[in-house]
């Protein structure tokens, strides 16, 4: 875990070699979008400073400046009346600028500074105070801060490895626990929903239509996991097989614009099912404990490298990710429930998911590009 944390902190603590090199400016990237030249990161005593207003407002926060106290206040949401003053009533005025995030004073070896009339603050402290992810890229000389899923474009893929987090069943624990973590690290996801089990007023463990729609709007790909998930598709008659595939897509596309991929229930798949899938979907994911060869991928028979259970360790998952990076393969990870109690075999704790997402983020998109299923298929075809 220490290695992962060190990788994350590198997003704001720049090596002496990087500082010493006179070279191009360090770019600020917010939720996948590079800022203007005027927003280039400032390096002071080996620490990265970023323009507080631009970053905070992109992260959905509010910035207030108290000139009398020389303090920058950042709030996630609208501050209450006089909250800023109350948060600093015990602070003495000081010539050194202060940063206060959600009422808590932030300490840093390098204090906030006014540069060309704008307030600049330590990048790591600001990002972590807002619950956002932060990464440093040596190859691109950039500091990236995220609190939204960043789905890639064609220019992001240059032959490196890819990784997909593919969730099955459409469980509401994805909305509660997984989605915030994917947004924190900017990493895409696919949620394969059992269309016939969408929650409709009853207290079940599945997502409701409003949650599915919101997840799509927040950048999650919605895929199919059949209509009922009652039996393996290979056991069904042609008529029942067609219903499971067709009706699932129809139900989901009344909630989101497009459903283009499917996760095969029970991973029961054969050429007959594949031919039926092709009528309704562009890609299908199966489980065979294999990586995908990007240069020769069969989009209607995508392999899953690992199906994560609560008996697995981070090191086991990391092994498959590292294998994909080394061989420039597409690693698809199958998951189900994300629950602090993780009582079911296919439920894992949010802490393990965050450890994996943080590791992927620390590797950088130049080494392994996070994609949802349909984007992975599109990029592999180029």
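Residue numbers (mature numbering (1 follows the signal peptide of the UniProt record, and there is no 0)): -22 to -1, 1 to 360.
We put the CB at the ideal spot given by N, CA and C, even for glycine.
Fair warning: this is a prediction, and the values are worked out from it, not measured in the lab.
In this structure, the beta-carbon distance from residue 9 to residue 129 does not fall below 8 Å. Residue ranges of uninterrupted beta strand (DSSP E) with 3 or more members, entirely inside the region 278 to 351 and ordered along the chain, are 308 to 313 and 346 to 348. The C-alpha of residue 51 is placed about 5 Å away from the C-alpha of residue 42. For residue 262, the beta-bridge partners assigned by DSSP are 240. If you ignore the 5 residues before and after residue 146, its C-beta comes within less than 6 Å of the C-beta of 170, 203, 241 and 314, all in its own chain and listed in chain order.
DSSP places residue 146 outside any alpha helix (DSSP H); the residue lies instead in the beta strand (DSSP E), whose first and last residues are 139 to 147.
The Cβ atoms of residue 151 and residue 316 sit closer than 8 Å to each other. As summarised for the region 174 to 245, the continuous beta strand (DSSP E) elements at least 3 residues long and confined to that stretch are 199 to 202 and 239 to 241, given in chain order. Secondary structure of residue 135 (DSSP, three-state): coil. In the displayed model, residue 29 falls within a strand according to three-state DSSP. Shown here, residue 81 sits in coil according to DSSP, grouped into three states, outside any helix or strand. About 5 Å separates the Cβ atoms of residue 113 and residue 339, confirming a contact at the 8 Å cut-off.
When rounded, the separation of the alpha-carbon atoms in residue 295 and residue 324 is 14 Å. About 15 Å separates the Cβ atoms of residue 191 and residue 127, ruling out a contact at the 8 Å cut-off. Rounded to whole angstroms, the separation of the alpha carbons of residue 291 and residue 257 is 38 Å. The distance from the Cβ of residue 4 to that of residue 121 is about 6 Å, consistent with a contact at the 8 Å cut-off. The closest CA to that of residue 237, considering only 185, 351, 304 and 115, is found on 351.
Sequence-distant Cβ neighbours of residue 271 in its own chain, meaning closer than 6 Å and more than five residues away, do not exist here.
Listed in chain order, the non-local C-beta contacts of residue 222 below 7 Å within the same chain comprise 204, 205, 206, 211 and 214, local neighbours out to five positions each way being set aside. Looking at the DSSP output, residue 8 bridges to 11 and 123. In the three-state scheme derived from DSSP, where H, G and I count as helix and E and B as strand, residue 107 is classed as helix. Residues of the same chain with a CB within less than 6 Å of the CB of residue 355, apart from the 5 flanking positions on each side, are 261 and 277 in chain order.
Listed as beta-bridge partners of residue 168 by DSSP are 144 and 199. According to the DSSP assignment, residue 99 belongs to the beta strand (DSSP E) that extends over 96 to 100. With fewer than 16 other beta carbons inside 10 angstroms of its own, residue 132 counts as exposed. By the Cβ-count criterion, residue 264 is buried, with 16 or more other Cβ atoms from all chains shown falling within 10 Å of its own Cβ.
Scanning 115, 54, 91 and 74 for the CA closest to the CA of residue 105 turns up 54. One alpha carbon belongs to residue 301, the other to residue 77, and they sit about 42 Å apart. Counting every other CB atom within 10 Å of its CB across the protein chains shown gives residue 273 a total below 16, marking it as exposed. Taking all protein chains shown into account, residue 137 has fewer than 16 neighbouring C-beta atoms within 10 Å of its C-beta and is therefore exposed. Put simply, of 311, 259 and 307 the residue whose alpha carbon is nearest the alpha carbon of residue 283 is 311. Closest in alpha carbon position to residue 281, among 20, 44, 267 and 197, is 267. Excluding the 5 residues flanking it on each side, residue 275 has same chain C-beta neighbours closer than 6 Å at 358, in chain order.
By alpha-carbon distance to residue 193, the top candidate from 173, 157 and 209 is 157.
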